[in-house]
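Q: A single structure is presented below for examination.
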Ligand code: SF4
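In our numbering, the protein residues as written are 2 to 187.
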């Protein structure tokens, strides 16, 4: 999300947002499709912004079909939404709490892992993949994941580093006691 500064086409994310389909905005009916945050991500944002976690997140139960679809992409997704309980970025007027006039108000290293990786992810056997979206301009008519990678001037090794950090955080969640039955950030 919000990759404008590094993009080979610096306007691609801005154009996507201008047409109302950017990944930091939400189309009506897609509110349920939000990713679960981990305590590591919530704490990093709270430390940077000085905001209480409750100010920029909301907690709910994710639709079982959504959790299952993500779990099929990568089993670690389920660890961020135990029994479907999920803490996600707060949404206001169809957009993320942190979406400002010029894009994301958070510096890149403070953003949630998902925001830093999207529209890319990795398979359980460590292959780069696209989280397919019919509205993402970067992957419109892209025949391969590498075509989208080039459009965004992104690097696979950089993405793998971010993904590895996310995996480590989800492993900590798995080890932590008391996570079961609670939204991860509570
Ligand atoms: S935190 Fe930033 S990059 Fe992530 S959804 Fe919100 S505005 Fe977009």
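Backbone N, C-alpha and C fix where the C-beta goes; we use that ideal spot for every residue, glycine too. Values in this document were obtained by computation on a predicted structure and should not be read as measured data.
First and last residue of the alpha helix (DSSP H) that includes residue 58?
A: In the chain shown, counting from the first residue as 1, residue 58 sits at position 57. Element bounds for residue 58: not the alpha helix (DSSP H) but the beta strand (DSSP E), 58-62.
Q: Between residue 30 and residue 81, how many whole angstroms is the CB-CB distance? I'm expecting something under 8 angstroms.
A: For the purposes of this step, residue 30 is taken as the residue at position 29 of the chain shown. For the purposes of this step, residue 81 is taken as the residue at position 80 of the chain shown. With 8 angstroms as the limit, residue 30 and residue 81 do not qualify as a contact, their Cβ atoms being about 22 angstroms apart.
Q: Whose C-beta lies closer than 6 angstroms to the C-beta of residue 143 among residues of the same chain, with five residues either side of it excluded?
A: Taking the first residue of the chain shown as position 1, residue 143 is located at position 142. Around residue 143: 149.
Q: Can you check DSSP and say which residues form a bridge with residue 17?
A: Position 16 of the chain shown, counted from the start, is the residue given in the question as residue 17. BP columns for residue 17 are empty, so no partner.
Q: With a threshold of 7 angstroms (Cβ to nearest heavy atom), would residue 99 be considered close to the ligand SF4?
A: Taking the first residue of the chain shown as 1, we reach residue 99 at position 98. Checking every heavy atom of the ligand SF4 against the Cβ of residue 99, one is found closer than 7 angstroms.
Q: Looking only at its chain, what residues have a beta carbon closer than 8 angstroms to the beta carbon of residue 91, apart from the 5 residues adjacent to it on each side?
A: The residue labelled residue 91 in the question sits at position 90 within the chain shown. Once the five neighbours on either side are set aside, the close Cβ partners of residue 91 are 56, 57, 58, 59, 97 and 98.
Q: Secondary structure at residue 89, three-state DSSP: helix, strand or coil?
A: If you number the chain shown from 1, residue 89 lands on position 88. Assigned with DSSP and collapsed to three states, residue 89 falls in strand.
Q: Quick one: is residue 39 buried, meaning 16 or more other Cβ sit within 10 Å of its Cβ, or exposed?
A: Residue mapping note: residue 39 aligns to position 38 of the chain shown, counting from 1. By the neighbour-count rule (16 or more Cβ atoms within 10 Å), residue 39 is buried.
Q: Relative to the C-alpha of residue 65, which candidate in 126, 83 and 165 has its C-alpha closest?
A: The residue given as residue 65 occupies position 64 in the chain shown. If we check each option's Cα against that of residue 65, 83 comes out closest.
Q: Buried or exposed, going by whether 16 or more other CB atoms sit within 10 Å of the CB of residue 21?
A: Counting from 1 along the chain shown, the entry for residue 21 is found at position 20. Around the beta carbon of residue 21, fewer than 16 other beta carbons sit within 10 angstroms, so the residue counts as exposed.
Q: Starting from residue 123, trace the beta strand (DSSP E) in both directions and tell me its first and last residue.
A: Locating residue 123 in the chain shown gives position 122, counting from the first residue. Here the beta strand (DSSP E) through residue 123 covers 121-123.
Q: What are the partner residues of residue 100, as DSSP defines its beta bridges?
A: Along the chain shown, one-based indexing puts residue 100 at 99. Note: residue 100 sits in a beta bridge opposite 105.
Q: Rounded to whole angstroms, what's the CA-CA distance from residue 62 to residue 34? Just pull it up for me.
A: Walking along the chain shown from the start, residue 62 turns up at place 61. Walking along the chain shown from the start, residue 34 turns up at place 33. Roughly 11 angstroms between the two C-alpha positions.
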